[in-house]
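Data block below; observations after.
In our numbering, the protein residues as written are -6 to 845.
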C-alpha cells in the first residue's frame, strides 16, 4: 500500500514539474524524457490501487497523470511556443521510450510465443485513444492540438488493435472536412502516415487526392503534396499543382516534388513539356526561378550534362517549351556559352536536336554576345550551301517519311539562323538571294518556311520598295511557271472531267501559294500604297479576283490580303469596307472571323467616321456588332467582344447604352462559361473601363438595374448542366465597378466633379423594377440592394426620393419572408441614418455660422 502511495506522490510531484520544464527550451527534452521514462517504469511495477472507486495499476496512474497535464495545453491557441515545445516533447518521449524497449528486447532472450506488447506500445495506444476523443471538440484550438499530436504520434504506432485502427481512420477522414484549414493541415499529415496500410488506392489515398485537388486552402494542398506517398498513380495529381492558384505551391512543386521523383525520364514527354511550359511562362518570378533551377541543376545533370542528350528527351520538333527551356539554361549558365564551338563537321551532320541547339544559341548570342555570334555562324555563302544541301535532301525525301519531317525542321532552323547573318558580303548575299528566290518559285515551300524566307528577303532588300518589287516579281514568276507547266502538261487537247478537275486544283494551289507569299509580304510592309504603286497591280490582278473565288481557303486568304492592303491606305479601306461587312454577314465562319478582325483593325486605325461615310446604310455597323455579340458561335462572339472592348478603351466607340449591356451580360451569362477568351477579355476590360472614368461609371449605373434583373431571371431559369455565379456576387461586382472611391486618379485634374452618391439612384431604379418581379426574384433583388453604398454623399433630395420609393414598395408589395424583410429594413436604416447625418451636419454648420 505504501508503494502505491509513494508512486502516486511521485507522479503528482514530478510529472507536472517535467511538463513545466519542457516549455522553456527543447535542449533539455532528451534528459527529461529519460526522467519521465524512469517514472513510467517504476509506476508499471506497482500493482493496482483504488482511485475514485476504481482499482488502477501504477501504469494506468502514470497514463492518467500524463494526459491530465497534457490536457492543459489543448485549449491554448496556436502559435504559442511553449505549447509547441510540449508537443515536441511528447514526440521525443515516445521515441525515447521505444528506443529503450527495443534495446531491452534485443538483449533479452524472448519466448517466440510471447506477446510483442511493450510499455511504450501500450502507452502510445492509450494516448491515441485519449486524443481521438478530442477530434470532434467544439473548440478549434483543441481540435488543432489533438490532430497535431495524432500526426506526430501515428508514426510510433506498431501493431494496433483493428478496432482502434478503424476508429482512427474513420475519425481522421471525418476531420478532413473540418472548417478550419489549420486542422485540415494536420489531418492531411496524419492521413498520409496511414497510406502504407492501404493495399491499393483506397479511402485514405482517395481522400488525400480529393484534398490535393479541391481543398480551398493553399496550406492544406501543400501539406498533402509534401506528405503523400509519391507513386505512379499519385504523380499526375502532383503535376496538376504546377497550375495551382497559389504561387508558393507552384514554386514548391519545382523545388521539391519534381526533385523527389528522381530521374525526370519517368515522366512522359507530354508531362515534361507541360512542366517546363507552365513553369517558365509563370507570371510569378519566383516560380520561373524555381523551374529554371530544377532544369539547370537537376534535369540537365540527369542527362549527363549533355544538352543534346537532354534535347533528345524532349520532342523539339513539336515542342512549345524547349526553346524557353534552353534559353533559360543559357541565361542561368552564361559561362557554358564560352565553350561552344560549331565546326564544319557539326554543320554537315545536323540533327533536329543539334540544329535546334545551334539556333537557340544564336538567338541568345544575338542578345548578349554578338562577337560570339560571328564566331559561331558560318559565312553567308557557306550557310547558303548548307541550306541548299538540306533543302535538296528534304525535297527528294518521300512524304510521310519521318526523315522528311526532321529535315523540314532542320531547314527551318537554318532559315531562322540566316536572319542573324551579316549580308554585307555581296557575293554571299547574291548566293542567298538566288537560292531563296528559286525556292519560292520552283518548290512547294512549307508554310512555316515561307514566313522565314520572306523575312530574310526583306533583310537582303535595299528598301521596302525594292522588297515589294522583288516579291511581286517572284509572284509573277510563280504564276508564269505554273501556266507554262500546265500548258505543257495538258497542251490544247480536250480534257475529260478528271483532267479538268486536276488542272483546276493545280491552278488553285498556285493561286494560294501566290496569296500566301503576298500575305507574308504585306504583313511586313509599312509604306502607304500611294508611295508604292506596284502594289496596285498585285491588288487588281491577284487579290481582288481571288476574293470572288468559290474555294473557301482562297477567299479567306484573299480577304486577309485585302485587309492588309487596306491598312496601308485609308481611301482603299473606305472603298472596301462594305466588302468586309458583307463577308461577316454572309460568309462562312472562318471568313466571318477574318473579316470581323479586319473591320476592328481598320476602325482602330482610321476611325468609324471615315470608313462609314460611303456606306449605303450608316447604321449597318451597329447591326453587325449587335448580331455578332448575340451570336452562338464562340469564336465570333469572342472576337466581337474583344473588338468592341478595344474600341471603348480607345474611345473610338461611345454608345455605351447600346453595347455595354451586351458586354456585361456576356461576362455573367452561362452560355459563355466555356468561352475563356471572352471571359478573360471582359475580366480585364470591365474594371478598367469603370475605374478609369467617372463618366463610364455613370454609364454603368444607367444600365445596371435592368441588366441585374435580367441576370437574376437567367439564374432562376438555369439548367442543371449550366454554370453561373450567384446573383449576390453579381450585385457585389456591380457595386465594385460603380464605386466612385475606386476611380483611378490620373495626373490630370478631373474635368467634372465626382458624384459619390450615385448608388442611391441605382438602388431606387432597381427597387422600382423589383416591384414587377415574381416573389423568388424579388427576394434575391432585395438582398442585392444591400450591396450598394447608400450614405450622406447621395444628398438629401436623392435620399428622400429613395425613402419614398421604399415606403411605396412596402405598401404595394408586402414582404412576407424574413430574408426580404431584413434586407429592406437594412436599406431603410441606411437611408434614415444618412438623412440624420445630413441634418446633424446642417445644424453644426448653422451653429458655426451664428456663433460670434
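No residue lacks a Cβ here, since even glycine has one placed at the ideal position from N, Cα and C.
Note that the structure is a prediction, hence the values are computed from the model and not measured.
Cβ neighbour criterion (16 or more within 10 Å) applied to residue i
i: residue 22; result: buried
i: residue 339; result: exposed
i: residue 246; result: buried
i: residue 377; result: buried
i: residue 346; result: buried
i: residue 484; result: exposed
i: residue 159; result: exposed
i: residue 720; result: buried
i: residue 553; result: buried
i: residue 134; result: buried
i: residue 442; result: buried
i: residue 214; result: buried
i: residue 177; result: buried
Beta-carbon proximity of residue i to residue j, cut-off 7 angstroms
i: residue 851; j: residue 216; result: Here the chain covers residues -6 to 845 and nothing more, so residue 851 does not appear.
i: residue 462; j: residue 527; result: yes
i: residue 755; j: residue 802; result: no
i: residue 846; j: residue 16; result: There is simply no residue 846 to check, as the chain begins at -6 and stops at 845 in what is shown.
i: residue 234; j: residue 257; result: no
i: residue 622; j: residue 633; result: yes
i: residue 179; j: residue 144; result: yes
i: residue 26; j: residue 85; result: yes
i: residue 236; j: residue 280; result: no
i: residue 410; j: residue 373; result: no
i: residue 549; j: residue 587; result: yes
i: residue 447; j: residue 513; result: yes
i: residue 232; j: residue 264; result: yes
i: residue 230; j: residue 268; result: no
i: residue 789; j: residue 831; result: yes
i: residue 439; j: residue 401; result: yes
i: residue 684; j: residue 737; result: yes
i: residue 698; j: residue 598; result: no
i: residue 422; j: residue 453; result: yes
i: residue 577; j: residue 589; result: yes
i: residue 817; j: residue 757; result: no
i: residue 51; j: residue 39; result: yes
Alpha-carbon spacing of residue i relative to residue j, whole angstroms
i: residue 467; j: residue 371; result: 27 angstroms
i: residue 369; j: residue 342; result: 16 angstroms
i: residue 314; j: residue 261; result: 14 angstroms
i: residue 66; j: residue 76; result: 6 angstroms
i: residue 678; j: residue 653; result: 11 angstroms
i: residue 305; j: residue 434; result: 35 angstroms
i: residue 716; j: residue 710; result: 11 angstroms
i: residue 538; j: residue 396; result: 39 angstroms
i: residue 272; j: residue 139; result: 38 angstroms
i: residue 542; j: residue 501; result: 9 angstroms
i: residue 596; j: residue 604; result: 7 angstroms
i: residue 398; j: residue 601; result: 47 angstroms
i: residue 239; j: residue 211; result: 6 angstroms
i: residue 835; j: residue 750; result: 18 angstroms
i: residue 691; j: residue 223; result: 55 angstroms
i: residue 682; j: residue 689; result: 7 angstroms
i: residue 520; j: residue 459; result: 12 angstroms
i: residue 516; j: residue 530; result: 18 angstroms
i: residue 579; j: residue 274; result: 40 angstroms
Residue-level contact to chain B via CB, residue i, 7 angstroms cutoff
i: residue 768; result: Annotation note: the requested chain B is absent from the structure, which comprises a single protein chain.
> Any contact of the region 350 to 366 with the region 384 to 395, i.e. 3+ C-beta pairs under 8 angstroms?
Replying inline: Contact between the region 350 to 366 and the region 384 to 395 is absent: fewer than three C-beta pairs spanning the two stretches fall below 8 angstroms.
> Just checking, does the region 769 to 783 make contact with the region 723 to 734 on the three C-beta pairs under 8 angstroms criterion?
Replying inline: Touching, yes.
> Below 8 angstroms, can you find three or more Cβ-Cβ pairs linking the region 116 to 124 to the region 47 to 66?
Replying inline: Contact holds: three or more Cβ-Cβ distances are below 8 angstroms.
>> Would you call the region 409 to 425 in contact with the region 476 to 487, where contact means no fewer than 3 C-beta pairs closer than 8 angstroms?
In response: Taking one beta carbon from each stretch, the region 409 to 425 and the region 476 to 487 have fewer than 3 pairs nearer than 8 angstroms; the two do not touch.
>> With three or more beta-carbon pairs closer than 8 angstroms as the criterion, would you say the region 659 to 666 touches the region 635 to 650?
In response: They do not touch, by the three-pair rule.
>> I want to know whether the region 491 to 498 touches the region 551 to 562 - three or more CB-CB distances under 8 angstroms.
In response: Cβ pair count under 8 angstroms is below three, so no.
> Does the region 662 to 671 come within contact of the region 599 to 616, defined as at least 3 CB pairs closer than 8 angstroms?
Replying inline: Contact fails: fewer than three Cβ-Cβ distances are below 8 angstroms.
> So, do the region 765 to 778 and the region 730 to 738 have three or more beta carbon pairs nearer to each other than 8 angstroms?
Replying inline: Flag = no, the region 765 to 778 and the region 730 to 738 do not touch.
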